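S.K.: Those protein sequence lines, which keep their order, are chains W and S.
Throughout the first sequence, residue numbering follows the working numbering, covering 128 to 234 in sequence.
Throughout the second sequence, residue numbering follows the working numbering, covering 1188 to 1309 in sequence.
Each residue gets a CB set at the ideal place from its N, CA and C atoms; glycine is no exception.
Just so we're clear, the structure is a prediction, and the values are computed from it rather than from any experiment.
Encoded as structure tokens, here's the structure I'll be asking about.
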Amino acid sequence: DIQMTQSPSLLSASVGDTVTISCRASQDISDSLVWYQQKPEKPPNSLIHASSILQSGVPSRFSGSGSGTHFTLTISSLQPEDFATYYCQQYNDYPITFGQGTRLEIK
Amino acid sequence: HLQLQESGPGLVKPSETLSLTCSVSGTSIGDSAYFWGWVRQPPGKGLEWIGTIYNSGTTYYNPSLESRVSVSVDTSENQFSLTLKTVTAADTAIYYCATGPDSTVGDIFDDWGQGTLVTVSS
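Rendered as structure tokens:
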């Protein structure tokens, strides 16, 4: 199985900050990575696929980069609605695997 | 966007079988170019992929659950289902059905149901 490791697990930031979340794969997954945002009591919502392609309707302050084993999600100029938990997921091979999540909280 | 809605019992006894159904709106499940999947999330924890079925009938399962799990499609009811046998307390979770485009790219879950909490307890 491909292990996905996110860091940090908890991130504290303020409105207007720029933050970066890291996701590392245990083996090369090319650009087969999707980022999800999940708010309490809600299902995940896909933000970015193919490492860097923004899903329709997602604000441009969200961006993704990376290839191979190291990926990042950057959120610029944090808005109040961005405080949530973020997950990466690889779809390069089965079994599909998720990172353990990064909770972004208000400082 | 497609609309998905999970249904099934919220309480299952240990050693029994968990059965959930996901009703699909916005497309005909048999004619569509989507895959259909299940993901679960224990309360307060992260996401775990359970399994995926393609319209070809091909299925993929998480090896940690493969001996107990089955995913199937019912085109007459426009829904797909999850069956998980011999459950234990470790199977207590919010169960989501989810879907995405059936392509050569892979499983990107674009649309999700709201989730249903299943508790395993006697």
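Compare the C-beta of residue 1247/S with all C-beta atoms of chain W and state if any pair is closer than 7 Å.
M.R.: yes
S.K.: Of the residues 133/W, 214/W and 218/W, which one's Cα is nearest the Cα of residue 1228/S?
M.R.: 214/W
S.K.: Among the residues of its own chain, which have a CB less than 6 Å from the CB of residue 190/W, if the five just before and after it don't count?
M.R.: 201
S.K.: So with CB distances below 8 Å, who are the chain S contacts of residue 218/W?
M.R.: 1292, 1293, 1294 and 1295
S.K.: Taking C-beta to C-beta, are residue 1205/S and residue 1211/S nearer than 7 Å?
M.R.: no
S.K.: Exposed or buried, which one is residue 176/W when buried takes at least 16 other CB atoms within 10 Å?
M.R.: buried
S.K.: Which residue wins for smallest C-alpha separation from residue 1248/S, given the options 1293/S, 1224/S, 1194/S and 1282/S?
M.R.: 1224/S
S.K.: For residue 1303/S, report the span of its beta strand (DSSP E) as first-last.
M.R.: The continuous beta strand (DSSP E) containing residue 1303/S extends over residues 1303-1307.
S.K.: Within 10 angstroms of its Cβ, does residue 145/W collect 16 or more other Cβ (buried), or is it exposed?
M.R.: exposed
S.K.: Since residue 148/W contacts residue 165/W with CB under 8 Å, what's their CB separation in whole angstroms?
M.R.: Not quite, the Cβ-Cβ distance comes to about 13 Å (not below 8 Å), so this is no contact.
S.K.: Please work out which residues of its chain come closer than 7 Å, Cβ to Cβ, to residue 143/W, disregarding the five sequence neighbours upstream and downstream, and give them in chain order.
M.R.: 204 and 205
S.K.: Among 1239/S, 1215/S, 1190/S and 1230/S, which one has its Cα closest to the Cα of residue 224/W?
M.R.: 1239/S
S.K.: Check whether the region 1290-1301 of chain S touches the region 1252-1271 of chain S, counting contact only when three or more Cβ pairs, one atom from each stretch, lie closer than 8 Å.
M.R.: no
S.K.: Which class does residue 1280/S belong to by DSSP, given the choice of helix, strand or coil?
M.R.: strand
S.K.: Taking only three categories from DSSP, how would you classify residue 1261/S?
M.R.: strand
S.K.: From residue 233/W to residue 212/W, what does the alpha carbon distance come to, in whole angstroms?
M.R.: 12 Å
S.K.: Is the CB of residue 1217/S under 7 Å away from at least one CB in chain W?
M.R.: no
S.K.: With a Cβ-Cβ cutoff of 7 Å, do residue 1284/S and residue 1193/S count as a contact?
M.R.: yes
S.K.: Could one say the Cβ of residue 198/W lies closer than 7 Å to chain S's Cβ atoms, at least one of them?
M.R.: no
S.K.: Report the CB separation of residue 178/W from residue 198/W in whole angstroms; it is logged as a contact under 8 Å.
M.R.: 6 Å
S.K.: Could you list which residues in chain W have their beta carbon closer than 7 Å to that of residue 1229/S, in chain order?
M.R.: Within chain W, no residue comes near residue 1229/S; the closest Cβ sits about 12 Å away, beyond 7 Å.
S.K.: What are the start and end residues of each continuous beta strand (DSSP E) run of 3 or more residues lying completely inside the region 141-221 of chain W, in chain order?
M.R.: Listed in chain order, they are 146-152, 160-165, 172-176, 189-194, 197-202 and 212-217.
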